[in-house]
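Quick notes on the structure that follows.
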Amino acid sequence: MKDSFYRDTWAEIDLDAISHNVSSLREFLGNDVNIMAVVKANAYGHGDVQVAKTALEAGASYLAVAFLDEALALRKKGMEAPILVLGAVRPEYINIAARERITLTVFQTEWLEQAALLYQETIPISFHLKMDTGMGRIGVKDEAETKRIVEMIDQHPYFSLEGVYTHFATADEVNTDYFSFQYQNFLRMLDWLPYKPCFIHCGNSATSLRFPEKVFNMVRFGISMYGLAPSPEIKPYLPYKLKEAFSLHSRIVHVKQLMPGEKVSYGATYTAETEEWVGTVPIGYADGWLRRLQHFHVLVNGTRVPIIGRICMDQLMVRLPEKVPVGTQVTLIGRQGDAYISIDEVAQYLGTINYEIPCTISYRVPRIFLKKKSIMEVRNLVLDGKGYV
1 MKDSFYRDTW AEIDLDAISH NVSSLREFLG NDVNIMAVVK ANAYGHGDVQ VAKTALEAGA
61 SYLAVAFLDE ALALRKKGME APILVLGAVR PEYINIAARE RITLTVFQTE WLEQAALLYQ
121 ETIPISFHLK MDTGMGRIGV KDEAETKRIV EMIDQHPYFS LEGVYTHFAT ADEVNTDYFS
181 FQYQNFLRML DWLPYKPCFI HCGNSATSLR FPEKVFNMVR FGISMYGLAP SPEIKPYLPY
241 KLKEAFSLHS RIVHVKQLMP GEKVSYGATY TAETEEWVGT VPIGYADGWL RRLQHFHVLV
301 NGTRVPIIGR ICMDQLMVRL PEKVPVGTQV TLIGRQGDAY ISIDEVAQYL GTINYEIPCT
361 ISYRVPRIFL KKKSIMEVRN LVLDGKGYV
């Protein structure tokens, strides 16, 4: 199996963890709430089609992506489940969306007018109406425009309004004042509709886990599907334990001993103070292990060891407590014995959110998909420049 890729750095994706997180949400919310698995950005860096299949098997019934390209990539890989594009799509692409049975988000009368004029198919296409309740991104805010959009959809022989939704800006914060403001806004906006569509959804991961009574009949399960809390602040409020799916590993490819005064890497920013063993690890900022992680640590033989010197494009160096064999495994995210480095810890060091960490790990890093004690190795190839498997 090793010959499916040819470098000593890889990510492991625990599909059983993703299955656990989805099935736990299914049990938590009950069977009356549909789960939309959010697999945009190559499933937050985890692998879109593998995660999508796992989520659907575990109880999800719908998929969500950010762009039409992502939806088309899933169709090309054989995914037949309903897919919603959460972002804006140009009106001239409506025909290909219809042919591929992809649901689009609508939030402007001008967009809908252009799309209706350009529509040449004789097959139905579904829309979800996005309402801006206070996120300030895309979404309709005006009652008259909302009614006009619904009227235009209803008058078209092949258009249908399948869903309506909004997105909360602060559901992952302890203070719920703005969340409550947006929720009340959404209730008010729903009254603008002449009828209730099949799906009504406002629940992201944070809302789904904290406020299950407010999610209507569908949730968009994103960050927590991958085993990550929407924010450190609400981690204590989660109703069940999430299982982190992403880990990152490499191997030491060179070991050398430095003498006092010898320096390491670009800029010569690290100087050995004593005789030290140094290991070279073949991962760098082109793989998504950013230069700002200098002075952070990795795991070698279950021990935390520091990254020394500046991280290079393709390699980094670590200070070892002793000489170790070439080929020794290095864990950058994940567990070695009793030692553990979480995505949250990496994010905290970088001053960012956990969402960003797996998304940053580039297509150059092969993903190995683990499921029920079997291994399915897949090399992350570049497909249309996107790095999707």
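Be aware that the sequence shown starts at 1, since it is given in the UniProt record's numbering, and climbs by one per residue. Quick reminder that beta carbons are idealized off the backbone N, C-alpha and C, glycines included.
- In this structure, Tyr355 places its C-beta atom within 8 Å of the C-beta atom of Tyr44.
- A buried status is given to Glu70, since no fewer than 16 other beta-carbon atoms sit within 10 Å of its beta-carbon.
- About 5 Å separates the beta carbon of Thr54 from that of Ser19, a gap short enough to meet the 8 Å contact definition.
- For the pair of segments examined, the region 26-46 was found to touch the region 223-230: the number of CB pairs separated by less than 8 Å reaches three.
- Under the three-pair Cβ rule at 8 Å, the region 228-245 does not count as touching the region 314-332.
- With respect to the 8 Å criterion, His167 and Met36 are not classified as neighbours on the basis of their beta carbons.
- Approximately 7 Å separates the beta-carbon atoms of Lys214 and Thr207; this is inside 8 Å, confirming the contact.
- The C-alpha of Ile125 is placed about 29 Å away from the C-alpha of Ala169.
- Ranking Arg101, Ile138, Leu161 by CA distance to the CA of Ile149 puts Leu161 first.
- Close CB contacts of Ile123 within its chain, under the 8 Å cut and outside five residues either way in sequence, are with Ala98, Arg99, Tyr158 (chain order).
- Residue state for Arg90 is assigned as coil, using DSSP reduced to three classes.
- In the three-state reduction of the DSSP assignment, Tyr240 falls in the coil class, being assigned neither a helical nor a strand state.
- If you ignore the 5 residues before and after Glu276, its C-beta comes within less than 6 Å of the C-beta of Leu258, Arg319, all in its own chain and listed in chain order.
- In this structure, Leu316 lies away from Gly351, with their beta-carbon atoms at least 8 Å apart.
- Put simply, the backbone Cα of Val140 is about 16 Å away from that of Gln184.
- Distances from the CA of Glu345 to each of Ala286, Pro366, Ser247 were compared; the closest alpha carbon is that of Ser247.
- Annotation: the continuous beta strand (DSSP E) that includes Thr303 extends over 303-308.
- The C-alpha of Arg364 is placed about 15 Å away from the C-alpha of Arg251.
- Its chain contains Val49 as the residues whose beta carbon lies nearer than 6 Å to that of Lys77, once the 5 sequence neighbours on both sides are disregarded; these appear in chain order.
- For Phe186, the closest C-alpha among the options Ser205, Asp172, Val164, Asp177 is that of Val164.
- Between Ala64 and Leu86, the CB-CB gap stays under 8 Å.
- Sequence-distant Cβ neighbours of Ser231 in its own chain, meaning closer than 6 Å and more than five residues away, are Asp172.
- Nearest to Thr271 by alpha-carbon distance, out of His297, Lys241, Val255, Gly309, is Gly309.
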